[in-house]
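Accompanying notes for the structure given below.
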Amino acid sequence: VYRGSVKDFQGFDANQDAEALYNAMKGFGSDKEAILDLITSRSNKQRVEICQAYKSLYGKDLIADLKYELTGKFERLIVSLMRPPAYGDAKEIKDAISGVGTDEKCLIEILASRTNQEIHDLVAAYKDAYERDLEADIVGDTSGHFKKMLVVLLQGAREEDDVVSEDLVEQDAKDLLEAGELKWGTDEAQFIYILGRRSRQHLRLVFDEYLKIAGKPIERSIRGELSGDFEKLMLAVVKCIRSTAEYFAERLYKAMKGLGTRDNTLIRIMVSRSEIDMLDIREVFRTKYEKSLYNMIKEDTSGEYKKALLKLCGGDDDAAGEFFPEAAQVAYRMWELSAVKVELRGTVQPAGDFNDDGDAQVLRKAMKGLGTDEGAIIEVVTKRSNAQRQQILKAYKAHYGRDLMADLKSELSGSLAKLILGLMLTPAQYDAKQLRKAVEGAGTDESVLIEIMATRNNQEIRAINEAYQEAYHKSLEDDLSSDTSGHFKRILVSLALGNRDEGPENLTQAHEDAKKLADVSSNDSSDSLETRFLSILCTRSYPHLRRVFQEFIKMTNHDVEHAIKKRMSGDVRDAFVAIVRSVKNKPAFFADKLYKSMKGAGTDERTLTRIMISRSEIDLFNIRGEFIDLFDKSLHHMIEKDTSGDYRKALLALCGGED
1 VYRGSVKDFQ
11 GFDANQDAEA
21 LYNAMKGFGS
31 DKEAILDLIT
41 SRSNKQRVEI
51 CQAYKSLYGK
61 DLIADLKYEL
71 TGKFERLIVS
81 LMRPPAYGDA
91 KEIKDAISGV
101 GTDEKCLIEI
111 LASRTNQEIH
121 DLVAAYKDAY
131 ERDLEADIVG
141 DTSGHFKKML
151 VVLLQGAREE
161 DDVVSEDLVE
171 QDAKDLLEAG
181 ELKWGTDEAQ
191 FIYILGRRSR
201 QHLRLVFDEY
211 LKIAGKPIER
221 SIRGELSGDF
231 EKLMLAVVKC
241 IRSTAEYFAE
251 RLYKAMKGLG
261 TRDNTLIRIM
271 VSRSEIDMLD
281 IREVFRTKYE
291 KSLYNMIKED
301 TSGEYKKALL
311 KLCGGDDDAA
321 GEFFPEAAQV
331 AYRMWELSAV
341 KVELRGTVQP
351 AGDFNDDGDA
361 QVLRKAMKGL
371 GTDEGAIIEV
381 VTKRSNAQRQ
391 QILKAYKAHY
401 GRDLMADLKS
411 ELSGSLAKLI
421 LGLMLTPAQY
431 DAKQLRKAVE
441 GAGTDESVLI
451 EIMATRNNQE
461 IRAINEAYQE
471 AYHKSLEDDL
481 SSDTSGHFKR
491 ILVSLALGNR
501 DEGPENLTQA
511 HEDAKKLADV
521 SSNDSSDSLE
531 TRFLSILCTR
541 SYPHLRRVFQ
551 EFIKMTNHDV
561 EHAIKKRMSG
571 DVRDAFVAIV
581 RSVKNKPAFF
591 ADKLYKSMKG
601 AGTDERTLTR
611 IMISRSEIDL
621 FNIRGEFIDL
631 FDKSLHHMIE
641 KDTSGDYRKA
651 LLALCGGED
């Protein structure tokens, strides 16, 4: 099935189009609208014919005339569209290695994403256009393992056999693990050989097997074992093997997010993928970033340049509100990955040489007299497990007849005080306190209620209920019921029971559950819709729900999260989405919340503090891994950049390391 956004123009006449372009450029000024309308609605093959007809009719070079008449980004885009794909790639690579410095990102994007045939065509086009050998030029402009992998990719010799050997899959996964994680140093040659030569189908299975035996995705190992441009190249290869459309969706998003636009990247991708997989890229973009590629281009560009890019994009998926097969495949792959058992690890471990009385003395000394030694307090509190902190509280009381919590409260202030005092509470006491704050006073903080209730297991929920009753002399369920309403209340009350099934998946039941979630006709009442989702999402076990979500995708070509967002709104939607994301990948759910708490102007310190405390002994190490996978920057780096003083010092101690 053709997945490009630009197709052959019906009733095409090269001479007629050449004449129209000539008329658009003759005289004073040029008719840019006519130029962009014509060129963006013709396929590349037809544009090449127009160039030939233009030369035959007028004895002039069309590309030279376009360069003369147009300017800036619009000119670069239109001229790029006029070149055959292989010559376009050759021009991009020539520009990337010419002059001072090298545009490694351009080299990586092109060579990691092209098929064998596209690589062969590129090498031939480069030779024809510049009378130079592409491999020799790249060898002369790059170095080390980065150069070696580029040379391997330049051969265009990736295996293309779809028949996969299970034994070889297992062996390759084992070889990659032994070349990196299990080796002192890294055997880069093994990574180059396997990732540069094996077929796409084979490598997808290798990546799945690697996740099973290593307990982490191959991308995370590459980040830990490789560095610099070589690391970026290998990550790009892995991303393209998994999904070329997803790789380019991510590249386009990064080209436009934040201040400024990377126009060279935007132009190169929109041109090069317009007749290959632009529809797939659009679909993945819409699913992954919750906005359409069309709208992001519309917001980030202007003038004729914008109009031309939107023509190449080919449509607005926000307006269509659809979910497509390529996006469903990406979502299905993510569900499969999330179902693999990965060991959860916190960043705070029990201190090996723990002495509760000694720690109590250190803390007392840090707070006695004039001034407070915040550094000593941070060192003790962040380097002890919660169970050890509870022992310190008792030792402090026994030794000094004083309440350590009260002393800390009087000596510390601001964000640091909230963090340290939070760490001194038991997990259940801390969660109970956060829930109480969310419901007391004017207004309700629904996001806190959702975050805690949607992510805690049965044992944690029951402990929270006990702590809440003990601290506030009323039940959590009563407070939730009195402070919320409607379906949102019903969801929270159901979760507050702590009665989620804890058994394994049941394939037959999962199919029925998926059918129940999918079979919602327009005639169904809103009550029926929410009740269906509540009865399944709030009661079934996590392994079972993962299977339900996979069955849902098979059945509908929709991801269940997309279906929730399309059918529901407000707090009900947010609660169900949080449950789905928690089931899918809880560390990724918290990584996303941490990122949002620090991105942009200002910091949501309440969310940042709450998550760093509550996950520090459960899965903060895994959250760190997901954070760098999702946002290409470490949690440590973002905390360091976004916070300050002793608060930052304490957060970094909890974070436990730089990735």
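In terms of the UniProt record's numbering, the sequence shown opens at residue 1 and continues consecutively.
Backbone N, C-alpha and C fix where the C-beta goes; we use that ideal spot for every residue, glycine too.
Remember, it's a predicted structure, so these values are computed and weren't measured experimentally.
Limits of the unbroken alpha helix (DSSP H) element including residue i
| i | result |
| --- | --- |
| residue 484 | It is not in any alpha helix (DSSP H) - residue 484 carries neither H nor E in the DSSP assignment. |
| residue 377 | 374-382 |
| residue 290 | Segment: none, residue 290 is in no alpha helix (DSSP H) and carries neither H nor E. |
| residue 471 | 458-472 |
| residue 645 | 645-655 |
| residue 126 | 116-130 |
| residue 598 | 570-598 |
| residue 160 | Looking at the DSSP string, residue 160 is not in any alpha helix (DSSP H), and its letter there is neither H nor E. |
| residue 219 | 218-225 |
| residue 103 | Careful: residue 103 lies outside any alpha helix (DSSP H) and carries neither H nor E. |
| residue 562 | 560-567 |
| residue 79 | 72-82 |
| residue 641 | 635-642 |
Short Cβ contact (9 Å threshold) for residue i with residue j
| i | j | result |
| --- | --- | --- |
| residue 123 | residue 134 | yes |
| residue 209 | residue 172 | yes |
| residue 514 | residue 552 | yes |
| residue 289 | residue 253 | yes |
| residue 67 | residue 79 | yes |
| residue 659 | residue 223 | yes |
| residue 248 | residue 165 | no |
| residue 156 | residue 186 | no |
| residue 665 | residue 537 | Summary: the structure shown does not reach residue 665, with the chain confined to residues 1 through 659, and so no result is reported for it. |
| residue 507 | residue 6 | no |
| residue 490 | residue 460 | no |
| residue 381 | residue 423 | yes |
| residue 347 | residue 654 | yes |
| residue 233 | residue 149 | yes |
| residue 4 | residue 246 | no |
| residue 292 | residue 277 | no |
| residue 613 | residue 430 | yes |
| residue 384 | residue 427 | no |
| residue 195 | residue 142 | no |
For residue i, the nearest candidate out of the options (CA to CA)
| i | options | result |
| --- | --- | --- |
| residue 587 | 518, 618 and 562 | 618 |
| residue 305 | 28, 81 and 53 | 81 |
| residue 191 | 177, 471, 475 and 517 | 177 |
| residue 120 | 87, 98 and 400 | 87 |
| residue 683 | 217, 184, 230 and 162 | An answer regarding residue 683 cannot be provided, because it is not within the stretch 1 to 659 covered by the chain. |
| residue 476 | 193, 498, 636 and 486 | 498 |
| residue 91 | 128, 65 and 68 | 128 |
| residue 632 | 595, 605 and 651 | 595 |
| residue 379 | 55, 117, 420 and 403 | 420 |
| residue 265 | 189, 389, 170 and 76 | 76 |
| residue 281 | 271, 244 and 261 | 244 |
| residue 505 | 550, 27 and 352 | 550 |
| residue 17 | 47, 28 and 1 | 47 |
| residue 660 | 269, 4, 219 and 392 | The shown model of the chain, from 1 to 659, leaves out residue 660, and the question about it has no answer. |
| residue 555 | 317, 519, 54 and 203 | 519 |
| residue 638 | 622, 621, 597 and 615 | 597 |
| residue 96 | 84, 111, 85 and 83 | 111 |
| residue 365 | 407, 439, 578 and 316 | 407 |
| residue 217 | 193, 201, 184 and 180 | 180 |
| residue 343 | 212, 65, 298 and 54 | 212 |
| residue 450 | 387, 575 and 250 | 575 |
| residue 410 | 371, 444, 571 and 439 | 371 |
| residue 301 | 403, 287, 74 and 481 | 74 |
| residue 543 | 572, 583 and 601 | 583 |
| residue 557 | 404, 283 and 425 | 283 |
beta-carbon residue i near the ligand SAH non-hydrogen atom, thresh 8 Å
| i | result |
| --- | --- |
| residue 357 | With respect to the ligand SAH, the structure shown offers nothing to examine, as it has no ligands at all. |
- With contact counted as at least three CB pairs below 8 Å, one residue from each stretch, are the segment 393-410 and the segment 348-366 in contact? yes
- Query: Within the chosen definition, does the segment 632-649 reach the segment 414-433 through at least 3 CB pairs nearer than 8 Å?
  - Reply: yes
- Pair every Cβ in the segment 225-240 with every Cβ in the segment 40-60, then say whether three or more of these pairs are closer than 8 Å. The segment 225-240 is not in contact with the segment 40-60.
- Message: Tell me whether the segment 46-64 and the segment 9-23 touch, counting them as touching only if at least three CB pairs, one residue from each stretch, are closer than 8 Å.
- Response: yes
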